[in-house]
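Right, one structure below, let's go through it.
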Amino acid sequence: MTLALTHPMTIKPEDFEPPLKRKEAAVPSYWTVEELAEELDVSMRKVLYDITGNAKLRVRPKLKIFYKLGANYLIPEVEAIEYLWNQRQARKKINKI
1 MTLALTHPMT IKPEDFEPPL KRKEAAVPSY WTVEELAEEL DVSMRKVLYD
51 ITGNAKLRVR PKLKIFYKLG ANYLIPEVEA IEYLWNQRQA RKKINKI
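Mapping of the sequence shown onto the working numbering: residues 1 to 97, in sequence order.
Next up, the structure:
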């Protein structure tokens, strides 16, 4: 199966400082919730809230998924890299304050 990317990857894994921890993907070209949580040093629950949002609190999803396999979500590489970049940038802003 081939995935046609809707937009080219503008942020590359090499652009991250410190570098990404993930060396080998569990599923090629995709990230799992566990991998994202480990990369950001947050709980899986926080990443799941970013995927599903929270209707009660009127929080919109921050991350798009490609597949849901049982209880597992697969996030395309492009979406995951952008999400990681945005989360790290937000963390840097908080640490500066």
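Where a beta carbon is used, it is the ideal one built from N, C-alpha and C, also for glycine. Here the structure is a predicted model, which is why all the values come from computation and not from measurement.
Might you give, ordered along the chain, the residues of its own chain that have their beta carbon closer than 8 Å to the beta carbon of residue i, omitting 5 neighbours on each side?
i, result
"Y83", "L36, D50, K62, L63 and I75"
"M44", "V33, E34 and A37"
"K30", "Note that residue 30 is Tyr in the sequence shown here, rather than Lys. Around Y30: F66, Y67, L74, I75, P76, E77 and A80."
Count the other C-beta atoms from every protein chain shown that fall within 10 angstroms of the C-beta of residue i, then say buried if there are 16 or more, exposed otherwise.
i, result
"Y73", "buried"
"T10", "exposed"
"L3", "Low confidence applies to L3: its pLDDT is 49, below 50, so where it sits in the model is not reliable enough to give any reading."
Just to confirm, are residue i and residue j a CB contact at a threshold of 8 Å?
i, j, result
"L20", "P13", "yes"
"T22", "E39", "The sequence given here has Arg at residue 22, not Thr. Taking 8 Å as the Cβ cut-off, R22 and E39 qualify as a contacting pair."
Is residue i helix, strand or coil by DSSP?
i, result
"K93", "helix"
"T52", "helix"
"M1", "Note that M1 scores 46 on pLDDT, short of 50, meaning its location in the model is unreliable and no value can be drawn from it."
Who are the Cβ neighbours of residue i in its own chain at under 6 Å, not counting the five residues just before and after it?
i, result
"V59", "G53"
First and last residue of the beta strand (DSSP E) that includes residue i?
i, result
"L69", "Y67 to L69"
Hey, could you find the ends of the alpha helix (DSSP H) residue i is sitting in?
i, result
"L40", "V33 to L40"
Beta-carbon within less than 7 Å of residue i's beta-carbon, same chain only, minus the 5 sequence neighbours each way: which residues are those?
i, result
"A26", "T32 and E35"
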